[in-house]
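Down below is the structure, laid out as structure tokens.
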Amino acid sequence: MPQTTIQSVRDGQGTRLDSLSDTQIQHWIDVAYNVVIDHGVSVDHVRFAELQNYKIYDLLESTGSIPNEVTSEAVGDTNISFDTNIAIGSAVFWRERFREELRNVIGFNHYVV
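Numbering (the working numbering), first residue to last: 138 to 250.
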């Protein structure tokens, strides 16, 4: 069964999902399942879980559920902290990754945005 799991979703993002409960992640797993199915990919397809994970990360980023990582630097008594991620409005990495892999799976002739 090539569907994703809560642990697989967590493994793909490291500590960025620590603030989310398993129930929250399961919700997005269910939503992404339906999205991938709606795009015409069979749940039996070997790359179903991969597409499901990409869609989950897209949904989490676009809803602000994945917190941005903060990096800090200190020299002497001066600390500088900065956000290392793209602003949420511009966060399209996982969305584009999903679209690219979806085209690889179903082909361009059947691709609908």
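Even for Gly, the Cβ is constructed at its ideal location relative to N, Cα and C.
Taking the Cβ atoms as the reference, Asp195 lies roughly 4 Å from Trp231, within the contact range of under 8 Å. Beta bridge pairing from DSSP links Val212 with Thr215. DSSP places Val172 inside the alpha helix (DSSP H), whose first and last residues are Asp159 to Asp175. Annotated three-state conformation of Asp181 is coil, per DSSP.
With a cutoff of 9 Å on beta-carbon distance, Lys192 and Val173 are scored as near each other.
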